[in-house]
Structure formats: C-alpha cells, structure tokens
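Participant:
Numbering (the working numbering), first residue to last: 405 to 553.
1. Given 8 Å as the limit, is there contact between the stretch 432-449 and the stretch 470-482, that is, 3 or more CB pairs closer than that?
2. Would DSSP call residue 534 helix, strand or coil?
3. Which class does residue 521 belong to by DSSP, given the choice of helix, strand or coil?
4. Use the C-beta contact count for residue 548: other C-beta atoms within 10 angstroms, 16 or more gives buried, fewer gives exposed.
5. Which of the three DSSP states is assigned to residue 483 in this structure?
6. Kindly indicate which three-state DSSP category residue 510 falls into: helix, strand or coil?
7. Residue 405: buried (16+ other C-beta within 10 angstroms of its C-beta) or exposed?
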C-alpha cells in the first residue's frame, strides 16, 4: 500500500494542436496521465493513456540494480494470447542474459474465469480479499486528492 501520491501530471495529447486530435475532435485532457506513488521502500511510476494508435499496450516493469522483470499483458480482447514475462539481467561475470517465459498459452480472461469457478463451486478462497479492494479504493482516493490539488 503506498504511503502517498508524490506526483501527478495530466499529459494532454492535443497540446501541440490546440487541444484537437487529427480528426479535429476535442481531446480530453485526462486521456493521458502519470503518477508517482511513494511506498515505504521504493517509488512506483504509473502511466496510462488513450491515443489514436491502434494497439493495446499493458505491462508492469520492475527495475533492480542488475535485473529488470517486465510482465507484458496482451490484449484481453483476443482469446488465447498469453501473458509474457521478460527478464533482463547482468550476470556476475558481466555478461547479459535475456529470457522470455510464458507459463501458459491460456489468456488472462480464461484463467480468471477458472478462478471464479473454483471460488463458487469448490469454495476456494480468492487471492484478492475485500481488504485488498478497500485498499484499491484508498489509492484511488489518494489520486483524486492529487488531481484536485
């Protein structure tokens, strides 16, 4: 759980064109934004946006001193696209290693649906608790306060 939001920046797409997109429609200044969250031991940068490029780009990347781990989530709108993990690291001898892992070729939606089935039919405890959901709302509240400031 972050302690606070230490930075928020709306990044309007249309600033270069007077607030208009290529098709001359008005661009909402909330279309793109970035935030920085202060955790007890580290800072998280979050970026989100919508533009006119036909793509789905979602990933989480963790940076360490000698290793980065990136989890790439392909579009949830096409069945069968797996989540990919890319690890880039510097080894003790100074060489570089990069590996790509796909745990399964099941798409995220199918995996989530299987989890819901296990909760309902088999009584399995969900990974995400009501406490987690409440903390999500607290983070959203932090963001809303940062936007209003």
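Glycine residues also receive a C-beta, built at the ideal position from the N, C-alpha and C atoms.
Bear in mind that the values here come from a model prediction, so they are computed numbers and not experimental data.
Facilitator: Quick look at the numbers:
1. no
2. As a first step, residue 534 is located in the chain shown; it is residue number 130 there, counting from the start. Helix at residue 534.
3. The residue labelled residue 521 in the question sits at position 117 within the chain shown. In this structure, residue 521 counts as helix in the three-state DSSP scheme.
4. For the purposes of this step, residue 548 is taken as the residue at position 144 of the chain shown. Residue 548 should be labelled exposed.
5. The residue given as residue 483 occupies position 79 in the chain shown. Reduced to three states, the DSSP call for residue 483 is coil.
6. Within the chain shown, residue 510 is the residue found at index 106, counting from 1. Three-state DSSP puts residue 510 in coil, outside helix and strand.
7. The sequence position of residue 405 within the chain shown is 1, counting from 1. When all chains shown are included, residue 405 counts as exposed.
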